[in-house]
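Going line by line, the protein sequences match chains A and B. Residue 1 is where the first sequence starts when you use our numbering, and the numbers rise one by one after that. Residue 190 is where the second sequence starts when you use our numbering, and the numbers rise one by one after that. All C-beta atoms, glycine included, are put in the ideal place defined by N, C-alpha and C. Note that the structure is a prediction, hence the values are computed from the model and not measured. Heads up, the thing below is written out as structure tokens.
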Amino acid sequence: MPAAKPHKPNLDHPTLKLVKEKFPDTKFKATEYRGQTSLIVAPQDFHEVMRFLRDDERCAYDFLSECFGIDYLNYPAPQPGRFAVVYNLVNTKTADRFFVKVYVDPSLPTDGIEKDPALVIDSVCDLWPSAEWPEREVFDMFGIRFNDHPDMRRILTWEEYPGHPLRKDYPLRGRGEREHFKIVDRSDA
Amino acid sequence: MGLEAAITAEGFMTTQLKRVINWGRRSSLWPMPFATACCGIELMATASSRYDLARFGAEVMRFSPRQADLMIVAGRISIKTMPVLQRIYQQMAEPKWVISMGACASTGGVFDTYAVVQGCDQFLPVDVYVPGCPPRPEQLIEGVMAIQRIIDEDGIPPKGPDGKRIPLGIALQPKRQPVPQPMPLTLN
């Protein structure tokens, strides 16, 4: 079987050109796969770019379809960082879809839950209010915190949960969370 | 019940108090459906007209634990649900029984992850396990009938140390051969 040809991204999404024009001095990366274009933004430029994507009438991404995190630990292909947060933007008039990706690298060991100053991204809740719960989920599952988020709490697990379970170095069977309950017997009713 | 033949013309009958109380309890089980997953669908099917759990006196599903005496744990129990389940069990009035319905409630099933309790019997006293994924309604009815047999054996007051009920440890022996499926089609 012949080796598969490396995929050559086709960077013809009109939004890429607009972003490049608007931010000529900022470094971006971009990828494309099967018609879906992602723009990779550094964390410090992220909020400004998102505001442009929403407010510029040629982009007008008025709907944040979803936002989720990825842990690239032990990923076969090299990546710009360990964690990524992906925002999926939609223009509801033209049905255009555009992905924005932010990579962050942890500065502390990732088995704890203490606040890592390197794992912080600006929240986009002020641009799209629908980002509130997905960003809470990213925080809960990956430990990535969001600046200026109105309610930065865990959403699925409880406040004292001793881990961020979707990190790849979190053991699948947990660290005993499912075994530590009081035992109710018949005399305990 | 066939009782009429045994009752004299004056309407008196001699029996043990234990048998009367147990007869009343076994014939009016009020289940508390703790349905968290697809086993709950089979539980609904069991209670509905085709299988009709009412034939065994257990059709009054109570969503208040204060009014129920049989908890049916139907579905996987996550780590957030387990304290709730224990709380609800403690709120049920004595006497009370627990059925663990299906593979997930009894063992965690295929969900061997950090978030799923690997069997609610680790933290709750379970009387009857109904295997299956999910169990068929007939199996759940068999489980309810096993609870009725447990009640029949119960002493008044309960036989266990400290007056608490102890599990009987009976194993169900199927009384009939299962019919092969699909069944052959016979006419006339």
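Who does residue i pair with in a DSSP beta bridge?
| i | result |
| --- | --- |
| A:R97 | A:V90 |
| B:M221 | B:M260 |
| A:G69 | A:V85 |
| B:S253 | DSSP, once it has assigned bridges, lists no residue as partnering B:S253. |
| A:T31 | A:S38 |
| A:S107 | According to DSSP, which records beta bridges pairwise, A:S107 is partnered with nothing at all. |
| A:V102 | A:V41 and A:V85 |
| B:W286 | B:L259 |
| A:L64 | A:L89 |
| A:N147 | A:D122 |
| A:Y170 | Looking at the DSSP assignment, A:Y170 forms no beta bridge with any residue, so it has no partner. |
| B:Y318 | B:S289 |
| B:V305 | B:S267 |
For residue i, which residues of its own chain have a beta-carbon under 7 Å away from its beta-carbon, when the five flanking residues on both sides are left out?
| i | result |
| --- | --- |
| B:P318 | This sequence places Tyr at residue 318 of chain B; Pro is not what is there. These residues qualify, in order along the chain: S289 and S295. |
| A:Y61 | L53, R54, L89, V90, N91 and F98 |
| B:R215 | Q337, I340 and D341 |
| B:A224 | L232, A263 and G264 |
| A:E137 | I155 and L156 |
| A:D56 | L18 |
| B:E248 | A236 and L242 |
| B:G344 | K207 |
| A:D169 | L73, T110 and D111 |
If residue i and residue j are in contact, beta carbons under 8 Å, what's the gap, nearest whole angstrom?
| i | j | result |
| --- | --- | --- |
| B:M271 | B:F312 | 6 Å |
| B:W286 | B:D258 | 7 Å |
| A:G81 | A:V104 | 6 Å |
| A:S107 | A:A118 | 4 Å |
| A:M152 | A:F139 | 6 Å |
| B:G291 | B:P324 | 6 Å |
| B:G200 | B:L218 | That pair is no contact at about 28 Å. |
| A:C67 | A:E135 | 6 Å |
| B:C293 | B:A198 | At roughly 55 Å, the Cβ-Cβ gap does not stay under 8 Å, so B:C293 and B:A198 are not in contact. |
Looking only at its own chain, which residues have a Cβ that is under 6 Å from the Cβ of residue i, when we skip the five neighbours before and after it?
| i | result |
| --- | --- |
| A:G176 | none |
| A:D122 | F46, H47 and N147 |
| A:I31 | This sequence places Thr at residue 31 of chain A; Ile is not what is there. Same-chain partners within the cutoff: P9 and S38. |
| B:G332 | I288, V317 and V319 |
| A:A84 | I70, K101 and Y103 |
| A:S65 | N88 and V90 |
| A:E132 | C125 |
| A:H13 | T37 |
Quick one: what's got a C-beta closer than 8 Å to residue i's C-beta in the same chain, skipping five residues either side?
| i | result |
| --- | --- |
| B:D229 | One point to set straight first is that residue 229 of chain B is Gly, not Asp, in the sequence displayed. Excluding sequence neighbours, B:G229 sits near P222, A263 and G264. |
| A:E114 | L108 |
| B:M281 | M221, P254, R255, A257, D258 and M260 |
| A:T157 | D140 and P165 |
| B:M334 | F245 |
| B:F252 | M221 and P222 |
| A:I206 | For residue 206 of chain A there is no data in the structure shown, the boundaries of chain A being 1 and 189. |
Measuring alpha carbon to alpha carbon, tell me which residue in the options is nearest residue i.
| i | options | result |
| --- | --- | --- |
| A:T110 | A:T31, A:T37 and A:G163 | A:G163 |
| A:E48 | A:D169, A:V124, A:E179 and A:D151 | A:V124 |
| B:Q256 | B:R325, B:A292 and B:Q279 | B:Q279 |
| B:P189 | B:D241, B:E248 and B:I336 | One cannot answer for residue 189 of chain B here, as it falls past the ends of chain B, which runs 190 to 377. |
| A:R178 | A:S187, A:L166 and A:Y161 | A:Y161 |
| B:C322 | B:F300, B:A243 and B:F201 | B:F300 |
| A:F181 | B:P326, B:M334 and B:I268 | B:I268 |
| A:Q79 | A:K29, A:S130 and A:D56 | A:K29 |
| B:I298 | B:I266, B:P326 and B:R276 | Residue identity check: residue 298 of chain B is Gly in the sequence provided, not Ile. Of the listed residues, the one whose Cα sits closest to B:G298 is B:I266. |
| A:F23 | A:L127, A:D12, A:S187 and A:R51 | A:R51 |
| A:A42 | A:R145, A:K27 and A:Q36 | A:K27 |
| A:V184 | B:Q328, B:Y240 and B:R276 | B:R276 |
| B:T302 | A:P171, A:V86, A:H13 and A:V19 | A:P171 |
| A:H7 | A:L18, A:D25, A:H149 and A:Y33 | A:Y33 |
| B:A236 | B:I330, B:G344 and B:D343 | B:I330 |
| A:V86 | A:P76, A:A77, A:K93 and A:Y72 | A:Y72 |
| A:I40 | A:F63, A:D25 and A:L16 | A:L16 |
| B:R244 | B:E327, B:T375, B:G344 and B:D343 | B:E327 |
| A:S130 | A:F63, A:N74, A:V19 and A:D25 | A:F63 |
| A:P150 | A:W128, A:K168 and A:E159 | A:W128 |
| A:N74 | A:G174, A:Q44, A:R167 and A:R186 | A:R167 |
| A:L11 | A:G35, A:A4 and A:E21 | A:G35 |
| B:L274 | B:Q205, B:D310 and B:T375 | B:D310 |
Is it the case that the stretch 191-210 of chain B contacts the stretch 297-310 of chain B, given that we only count it when at least three CB pairs across the two stretches are under 8 Å? no
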